[in-house]
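Quick note on numbering: the numbering used here labels position 200 of the sequence shown as 220, and the sequence is numbered without any gaps. In this text, a Cβ means the ideal position worked out from N, Cα and C, and glycines have one as well.
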Amino acid sequence: SNPNIILLTYSEVKEVSGFPGNYTVKIVKKPRYIDENKCIGCGICATKCPVKVPDEFNLGLDYRKAVYIPFPQAVPRKYTIDREHCLFFTKGVCRVCERFCPSKAVNFEQQPEEIVIKVGVVILATGYDIFDPSVIKSYGYGRYKNVYTGLEVERILSASGPTKGKPVLRDGRVPKTIAIVHCVGSRDERYNSYCSKICCMYAMKLAHLLKERIPDSTIYEFYIDIRAAGKGYEEFYRRVQEEGVIFIRGKVSEIYEKEDGKLLVTFEDTLLGVVQTIEVDMVILATGIVPRSDAKDLVRKFGICSSADGFFMEKHPKLAPVSTVNRGVFIAGACQGPKDIPESVAQAAAAASEAMVLLSQSTLEVEPIIAEVQQEKCSGCRICVSVCPYGATIYDSEKNATRVEKALCQGCGTCVAACPSGARVMKQNGFTDRQILAELEGILIPLKPRIKIEVTSTG
């Protein structure tokens with residue numbers, strides 16, 4: 021309802037050009053095949069649709085229709101037709117949703133729409149992906165039906181989830197013994213060496229919720245170290261212990277499935293120094309955080325940098341935690357690295373504040389020493405484009421040469437060192453070669469002897 025906010029959902033940034041204070045962003049709005057202005061969200065189309073496909077929001081634990089709302093809290097609450105599964109697009113038949121829609125909102129002729137907007141700054145808050153535990157073959161995720169991820173159990177325990185909040189297995193049984201494995205995909209040199217920061221706390225939250233709903237259950241938590249560094253976190257850890265959850269310091273090595281569907285969990289207790297095996301009904305893998313699959317593409321589009329682990333890199337970890345090497349692009353949330361909700365909210369507020377500071381200025385100060393391209397020497401090899409960490413080098417296809425965007429260049433000299441044809445030089449604004457040579461001449465040429473004149477007073 022705010023006139024200053026334009027919400028573009030189901031859209032993708034295709035291209036970004038310009039400099040701080042004057043970015044041009046090309047966005048492709050994907051077709052819903054339903055007119056947003058006509059759709060009233062009644063759901064009749066979904067009720068009549070004959071196609072069922074696994075629901076991505078519930079991680080495949082139940083089904084949705086080919087015309088659907090992605091998740092209950094989606095904004096705007098408008099339906100979308102899944103082109104990959106809709107019978108009209110796959111076989112040219114059906115169109116039942118079109119016949120029953122009371123507002124005539126279905127439009128199979130919709131096409132992608134390109135939108136170009138001008139913005140002064142950009143805030144990237146693209147989030148993260150969950151580590152895929154199926155790559156750890158010894159845990160059996162994807163092969164054993166009663167091995168779940170933490171997010172799957174989160175959906176099971178949700179009142180709007182596939183089981184309406186009932187903690188049951190796929191065969192409908194209520195689990196009595198549950199093992200929760202921490203650090204799946206994190207703190208492991210084979211996958212990701214970093215700590216995902218949220219796993220310990222959400223694993224304990226799941227244990228707490230399961231204890232509430234299955235009071236007579238036995239729950240084991242296997243951990244490397246408990247990292248409860250946050251306001252109230254240590255107190256919650258103690259509360260879960262008092263509720264009867266059993267914490268075992270050790271690493272799970274393998275999980276096997278018995279013929280009756282129960283699971284054997286083999287682990288090393290690092291406090292006792294022994295290897296043991298327990299039998300459980302259910303295993304929950306506390307999977308870690310990984311960068312989004314499109315993170316590299318976004319780094320390229322917005323002219324920023326990424327760290328060795330693939331997350332967006334801040335300009336300085338202490339002094340500029342939400343800024344990037346591209347002065348007009350800021351980052352917030354887990355796209356910058358693993359973090360919990362309070363930290364993400366604080367970082368989002370900081371990014372908004374930094375953006376307002378930049379936008380409130382009528383002029384921007386730029387580096388006095390920047391790179392310059394000698395067009396007659398440039399071969400158009402574009403090595404400088406690939407090495408520039410600030411996205412300041414732009415290739416002109418008509419001239420087959422590159423140019424420097426002065427507002428973006430930070431004068432680091434990387435392109436000058438990389439240029440094979442010597443077409444790039446560092447130049448200080450306002451100082452020509454002639455001026456600099458004149459300064460050197462004034463410093464190096466000996467001064468002529470001075471003539472002393474004695475002044476005497478007469479009186």
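- Shown here for Pro70: same chain residues with a beta carbon closer than 8 Å to its own, the five before and five after excluded, namely Leu107, Cys114 and Val116 in chain order.
- Nearest in C-alpha terms to Val87, of all of Phe128, Asn57 and Ile47, is Phe128.
- In the structure shown, the three-state DSSP call for Cys203 is strand.
- Within the stretch 329 to 406, the complete beta strand (DSSP E) segments of 3 residues or longer fall at 349 to 351 and 389 to 393, listed in chain order.
- Restricting attention to Ala391, Cys398, Ile403 and Ile414, the CA atom closest to the CA of Gly433 is found in Ala391.
- Using a Cβ distance threshold of 8 Å, Thr146 and Leu292 do not count as a contacting pair.
- Our two residues, Lys231 and Thr100, have alpha carbons roughly 38 Å apart in a direct line.
- Look at Glu32 here: in three-state DSSP terms it is strand.
- Annotation for Ala354: Gly147, Tyr148, Ile309 and Ser364 place their beta carbon closer than 7 Å to its own, counting only its chain and skipping 5 residues before and after.
- Take Ile246, set aside five residues on each side of it, and the residues of its chain with a beta-carbon closer than 7 Å to its own are Cys220 and Tyr257, in chain order.
- Residues Thr413, Tyr415 and Thr422 of the same chain have their beta carbon placed closer than 7 Å to that of Val405, with the five preceding and five following residues left out of the count.
- The C-beta distance from Pro40 to Ala372 rounds to 16 Å, too long to fall under 8 Å, and the pair is not in contact.
- In its chain, beyond the 5 residues on either side, Asn78, Leu81 and Asp82 have a beta carbon closer than 6 Å to the beta carbon of Pro182.
- Contact check for Ile218 against Ala352 fails: the beta carbons are separated by 8 Å or more.
- Contact annotation: Val407 and Cys429 have beta-carbon atoms that are not nearer than 8 Å.
- In the structure shown, Phe91 falls within a coil segment according to DSSP collapsed to helix, strand and coil.
- Closest in C-alpha terms to Val173, from the list Ile137, Asn212 and Ala223, comes Ala223.
- Leu189 and Asn166 have their C-alpha atoms roughly 7 Å apart.
- The alpha-carbon of Tyr243 is positioned some 29 Å away from that of Met333.
- With respect to Ser273, Ser154 sits apart: the two C-beta atoms are not nearer than 8 Å.
- A Cβ-Cβ contact shorter than 8 Å links Asp301 with Pro195.
- In the DSSP annotation of this structure, Thr67 is not part of any beta strand (DSSP E); the continuous alpha helix (DSSP H) holding it starts and ends at Ile64 to Lys68.
- Going by DSSP, Thr434 is part of the alpha helix (DSSP H) stretching over Thr434 to Ala438.
- The residue from Gly38, Glu209 and Ala125 with its alpha-carbon nearest to that of Lys58 is Ala125.
- Counting C-beta atoms within 10 angstroms of its own C-beta, Ala366 has fewer than 16 neighbours from the protein chains shown and is therefore classed as exposed.
- In the assembly as shown, Ala315 is a buried residue. Its beta-carbon has 16 or more other beta-carbons within 10 Å.
- Under the DSSP assignment, Glu209 falls outside any alpha helix (DSSP H); it carries neither an H nor an E label.
- Take the alpha-carbon of Thr383 and the one of Ser37: they are about 19 Å apart.
- In the displayed model, Val294 falls within a strand according to three-state DSSP.
- Unbroken alpha helix (DSSP H) runs of no fewer than 4 residues, entirely contained in the stretch 110 to 142, are found at 116 to 120, following chain order.
- Glu76 is the residue among Pro122, Cys121 and Glu76 whose C-alpha sits nearest the C-alpha of Asp102.
- Counting only runs of 3+ residues, the beta strand (DSSP E) found wholly inside the stretch 164 to 250 occupies 167 to 169, 197 to 204 and 238 to 243, in chain order.
- Per DSSP, the unbroken beta strand (DSSP E) holding Phe267 starts and ends at Ile266 to Glu277.
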